[in-house]
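Just below is one structure, and these are the notes that go with it.
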(Lines of atoms letter the chains of each structure in order from A and count residues from 1; the text may use other names and numbers.)
(Lines give C-alpha, C1' and ligand atoms only; values in the text may rest on other atoms or scores of the structure.)
Protein backbone atom coordinates (compact mmCIF):
# COMPACT_ATOMS: atom_id res chain seq x y z
CA UNK A 1 0.00 0.00 0.00
CA UNK A 2 2.82 2.42 0.79
CA UNK A 3 4.46 1.79 -2.58
CA UNK A 4 1.19 2.52 -4.38
CA UNK A 5 0.72 5.68 -2.34
CA UNK A 6 4.28 6.83 -3.08
CA UNK A 7 3.71 6.34 -6.78
CA UNK A 8 0.37 8.16 -6.70
CA UNK A 9 1.88 11.28 -5.13
CA UNK A 10 5.30 10.95 -6.76
CA UNK A 11 7.27 10.74 -3.50
CA UNK A 12 11.01 10.22 -3.22
CA UNK A 13 13.90 11.13 -0.94
CA UNK A 14 17.30 12.65 -1.67
CA UNK A 15 20.28 12.56 0.68
CA UNK A 16 19.39 9.47 2.70
CA UNK A 17 23.13 8.86 3.10
CA UNK A 18 23.20 11.91 5.39
CA UNK A 19 21.30 9.92 8.02
CA UNK A 20 23.95 8.52 10.40
CA UNK A 21 23.89 5.03 11.87
CA UNK A 22 23.72 6.53 15.34
CA UNK A 23 21.41 9.10 16.92
CA UNK A 24 20.56 12.44 15.33
CA UNK A 25 17.97 15.18 15.62
CA UNK A 26 16.14 16.01 12.39
CA UNK A 27 14.53 19.45 11.99
CA UNK A 28 12.08 19.96 9.15
CA UNK A 29 9.74 22.49 7.57
CA UNK A 30 6.09 21.91 8.56
CA UNK A 31 3.76 21.92 5.57
CA UNK A 32 -0.01 22.36 5.57
CA UNK A 33 -0.25 18.69 6.50
CA UNK A 34 2.88 16.74 7.52
CA UNK A 35 2.07 13.85 5.20
CA UNK A 36 5.58 14.14 3.78
CA UNK A 37 6.97 13.29 7.19
CA UNK A 38 4.86 10.14 7.28
CA UNK A 39 6.16 9.16 3.83
CA UNK A 40 9.71 9.87 5.00
CA UNK A 41 9.31 7.67 8.10
CA UNK A 42 8.07 4.76 6.00
CA UNK A 43 10.85 5.25 3.44
CA UNK A 44 13.47 5.39 6.20
CA UNK A 45 12.24 2.10 7.63
CA UNK A 46 12.02 0.46 4.21
CA UNK A 47 15.50 1.57 3.11
CA UNK A 48 17.42 1.51 6.39
CA UNK A 49 15.33 -0.58 8.74
CA UNK A 50 15.28 2.32 11.21
CA UNK A 51 12.44 4.00 13.02
CA UNK A 52 12.35 7.64 14.01
CA UNK A 53 10.60 9.21 16.97
CA UNK A 54 8.65 12.39 16.18
CA UNK A 55 7.43 15.30 18.28
CA UNK A 56 3.90 16.36 17.30
CA UNK A 57 1.45 18.97 18.55
CA UNK A 58 -0.98 17.93 21.26
CA UNK A 59 -3.98 18.91 19.13
CA UNK A 60 -3.32 16.04 16.71
CA UNK A 61 -3.48 13.42 19.45
CA UNK A 62 -6.96 14.72 20.32
CA UNK A 63 -8.35 13.65 16.95
CA UNK A 64 -10.64 10.61 17.32
CA UNK A 65 -8.98 7.28 16.62
CA UNK A 66 -5.49 8.68 16.05
CA UNK A 67 -3.99 8.28 19.53
CA UNK A 68 -3.21 4.59 18.94
CA UNK A 69 -1.84 5.28 15.46
CA UNK A 70 0.52 7.99 16.70
CA UNK A 71 1.75 5.81 19.57
CA UNK A 72 2.51 2.97 17.14
CA UNK A 73 4.42 5.36 14.86
CA UNK A 74 6.41 6.75 17.84
CA UNK A 75 4.80 10.18 17.57
CA UNK A 76 4.08 12.02 20.79
CA UNK A 77 4.75 15.01 23.03
CA UNK A 78 7.89 14.15 24.99
CA UNK A 79 9.40 16.91 27.14
CA UNK A 80 13.02 18.02 26.78
CA UNK A 81 14.43 15.44 29.16
CA UNK A 82 12.51 12.66 27.43
CA UNK A 83 13.78 13.86 24.04
CA UNK A 84 17.35 13.78 25.33
CA UNK A 85 16.80 10.26 26.67
CA UNK A 86 15.47 9.09 23.29
CA UNK A 87 18.60 10.39 21.57
CA UNK A 88 20.98 8.98 24.19
CA UNK A 89 19.42 5.57 23.57
CA UNK A 90 20.69 5.83 19.98
CA UNK A 91 17.43 6.72 18.21
CA UNK A 92 16.54 9.33 15.62
CA UNK A 93 14.24 12.16 16.68
CA UNK A 94 12.38 14.54 14.36
CA UNK A 95 11.06 17.98 15.29
CA UNK A 96 9.37 20.70 13.23
CA UNK A 97 10.27 23.87 15.18
CA UNK A 98 7.58 25.86 13.36
CA UNK A 99 4.86 23.45 14.45
CA UNK A 100 1.23 24.42 13.90
CA UNK A 101 2.22 28.08 13.53
CA UNK A 102 4.18 27.21 10.40
CA UNK A 103 1.52 24.74 9.29
CA UNK A 104 -1.25 27.31 9.40
CA UNK A 105 0.43 30.64 8.68
CA UNK A 106 3.20 29.86 6.21
CA UNK A 107 2.20 29.73 2.55
CA UNK A 108 3.53 29.02 -0.92
CA UNK A 109 6.48 31.33 -0.24
CA UNK A 110 7.68 28.70 2.27
CA UNK A 111 8.67 31.20 4.92
CA UNK A 112 9.95 29.52 8.08
CA UNK A 113 8.04 30.58 11.20
CA UNK A 114 10.22 29.36 14.04
CA UNK A 115 10.07 32.48 16.19
CA UNK A 116 12.22 31.84 19.26
CA UNK A 117 11.72 28.08 19.45
CA UNK A 118 15.21 26.95 20.39
CA UNK A 119 14.25 23.91 22.44
CA UNK A 120 15.54 21.52 19.79
CA UNK A 121 18.96 23.17 19.93
CA UNK A 122 19.16 22.72 23.70
CA UNK A 123 18.14 19.07 23.27
CA UNK A 124 20.78 18.37 20.60
CA UNK A 125 23.54 20.01 22.65
CA UNK A 126 22.61 18.14 25.81
CA UNK A 127 22.36 14.82 23.97
CA UNK A 128 25.58 15.57 22.01
CA UNK A 129 24.10 14.63 18.65
CA UNK A 130 24.20 16.15 15.15
CA UNK A 131 21.30 18.18 13.77
CA UNK A 132 20.08 17.37 10.26
CA UNK A 133 18.02 19.89 8.23
CA UNK A 134 15.17 18.42 6.18
CA UNK A 135 12.88 20.04 3.60
CA UNK A 136 10.19 18.56 1.35
CA UNK A 137 9.81 20.15 -2.04
CA UNK A 138 6.23 21.09 -3.04
CA UNK A 139 4.60 20.10 0.26
CA UNK A 140 2.62 23.38 0.23
CA UNK A 141 1.25 22.45 -3.18
CA UNK A 142 0.17 18.98 -2.03
CA UNK A 143 -1.98 20.47 0.73
CA UNK A 144 -3.29 24.02 0.80
CA UNK A 145 -4.38 25.47 4.14
CA UNK A 146 -7.37 27.79 4.25
CA UNK A 147 -8.92 29.84 7.01
CA UNK A 148 -5.74 31.41 8.35
CA UNK A 149 -7.50 34.76 8.41
CA UNK A 150 -10.65 36.05 10.03
CA UNK A 151 -12.55 33.73 12.41
CA UNK A 152 -10.05 30.84 12.25
CA UNK A 153 -7.11 33.10 13.01
CA UNK A 154 -9.05 34.62 15.91
CA UNK A 155 -9.86 31.12 17.22
CA UNK A 156 -6.27 29.93 16.88
CA UNK A 157 -4.79 32.90 18.73
CA UNK A 158 -7.13 32.30 21.67
CA UNK A 159 -7.30 28.51 21.87
CA UNK A 160 -4.14 27.32 20.06
CA UNK A 161 -6.31 24.74 18.31
CA UNK A 162 -4.15 23.69 15.38
CA UNK A 163 -6.53 22.10 12.87
CA UNK A 164 -7.37 24.42 9.97
CA UNK A 165 -9.43 23.66 6.82
CA UNK A 166 -7.25 22.37 3.99
CA UNK A 167 -7.58 21.22 0.42
CA UNK A 168 -5.72 18.20 -0.90
CA UNK A 169 -3.94 16.00 -1.52
CA UNK A 170 -2.91 17.06 -5.00
CA UNK A 171 -0.75 14.45 -6.80
CA UNK A 172 2.28 16.74 -7.10
CA UNK A 173 5.92 15.73 -7.07
CA UNK A 174 7.09 15.46 -3.45
CA UNK A 175 10.78 15.13 -2.83
CA UNK A 176 12.24 15.17 0.69
CA UNK A 177 15.76 16.61 0.77
CA UNK A 178 17.96 15.57 3.69
CA UNK A 179 20.79 18.02 4.25
CA UNK A 180 24.28 17.47 5.56
CA UNK A 181 24.48 16.99 9.33
CA UNK A 182 25.51 19.87 11.56
CA UNK A 183 27.98 18.04 13.81
CA UNK A 184 27.90 18.28 17.58
CA UNK A 185 30.18 21.06 18.80
CA UNK A 186 30.78 21.32 22.56
CA UNK A 187 31.53 25.04 22.14
CA UNK A 188 28.39 26.02 20.24
CA UNK A 189 25.53 27.84 21.96
CA UNK A 190 21.85 27.05 21.52
CA UNK A 191 21.38 30.39 19.74
CA UNK A 192 24.14 29.59 17.26
CA UNK A 193 22.86 26.06 16.62
CA UNK A 194 19.33 27.40 16.14
CA UNK A 195 20.54 29.80 13.45
CA UNK A 196 22.67 27.14 11.75
CA UNK A 197 19.77 24.70 11.59
CA UNK A 198 17.38 27.36 10.31
CA UNK A 199 19.83 28.40 7.60
CA UNK A 200 20.26 24.73 6.70
CA UNK A 201 16.54 24.25 6.07
CA UNK A 202 16.35 27.57 4.21
CA UNK A 203 19.30 26.55 2.02
CA UNK A 204 17.50 23.34 1.01
CA UNK A 205 14.36 25.36 0.29
CA UNK A 206 16.20 27.96 -1.78
CA UNK A 207 18.03 25.30 -3.79
CA UNK A 208 15.12 22.99 -4.58
CA UNK A 209 11.84 24.90 -4.27
CA UNK A 210 10.24 27.14 -6.87
CA UNK A 211 8.94 30.21 -5.05
CA UNK A 212 6.16 31.08 -5.04
CA UNK A 213 4.97 27.51 -5.28
CA UNK A 214 2.40 26.56 -7.89
CA UNK A 215 0.19 23.47 -7.94
CA UNK A 216 0.33 23.25 -11.74
CA UNK A 217 4.10 23.63 -11.76
CA UNK A 218 4.50 21.00 -9.06
CA UNK A 219 2.27 18.62 -11.02
CA UNK A 220 4.35 19.18 -14.15
CA UNK A 221 7.57 18.34 -12.27
CA UNK A 222 6.48 14.70 -12.21
CA UNK A 223 6.66 14.59 -16.00
CA UNK A 224 9.94 16.53 -16.10
CA UNK A 225 11.59 13.89 -13.94
CA UNK A 226 10.35 11.11 -16.20
CA UNK A 227 11.86 12.88 -19.22
CA UNK A 228 15.23 13.17 -17.48
CA UNK A 229 15.21 9.48 -16.59
CA UNK A 230 14.42 8.53 -20.17
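In the working numbering, the protein residues as written are 1 to 230. In this text, a Cβ means the ideal position worked out from N, Cα and C, and glycines have one as well. Since this is a predicted model, take the numbers as computed values, not measurements.
Can you give me the start and stop residues for the alpha helix (DSSP H) that residue i sits inside?
i: residue 105; result: 99 to 105
i: residue 159; result: 151 to 159
i: residue 68; result: 67 to 72
i: residue 45; result: 35 to 48
i: residue 195; result: 190 to 208
Beta-carbon separation of residue i and residue j under 9 Å?
i: residue 91; j: residue 23; result: yes
i: residue 205; j: residue 110; result: yes
i: residue 136; j: residue 174; result: yes
i: residue 95; j: residue 119; result: yes
i: residue 66; j: residue 123; result: no
i: residue 98; j: residue 30; result: yes
i: residue 35; j: residue 133; result: no
i: residue 14; j: residue 125; result: no
i: residue 176; j: residue 12; result: yes
i: residue 222; j: residue 172; result: yes
Pop quiz: residue i and residue j are said to be a contact at Cβ under 8 Å. What is the actual Cβ separation, rounded to whole angstroms?
i: residue 100; j: residue 77; result: Not quite, the Cβ-Cβ distance comes to about 13 Å (not below 8 Å), so this is no contact.
i: residue 19; j: residue 48; result: 7 Å
Would you decide whether residue i is buried or exposed? Buried here means 16 or more other CB atoms lie within 10 Å of its CB.
i: residue 79; result: exposed
i: residue 68; result: exposed
i: residue 154; result: exposed
i: residue 228; result: Note that residue 228 has pLDDT 40, beneath the 50 cutoff, so the model's placement of it is unreliable and the number below is only indicative. It is exposed - the Cβ of residue 228 has fewer than 16 other Cβ atoms within 10 Å.
i: residue 211; result: exposed
i: residue 85; result: exposed
i: residue 192; result: exposed
i: residue 17; result: exposed
i: residue 71; result: exposed
Over what stretch of residues does the beta strand (DSSP E) that includes residue i continue unbroken?
i: residue 240; result: Any question about residue 240 goes unanswered here, given that the chain covers just 1 to 230.
i: residue 123; result: Premise fails: residue 123 lies in the alpha helix (DSSP H), 119 to 127, not in any beta strand (DSSP E).
i: residue 94; result: 92 to 95
i: residue 178; result: 174 to 178
Inter-stretch contact (C-beta, 8 Å, three-pair minimum) for the stretch 45 to 54 and the stretch 185 to 199: no
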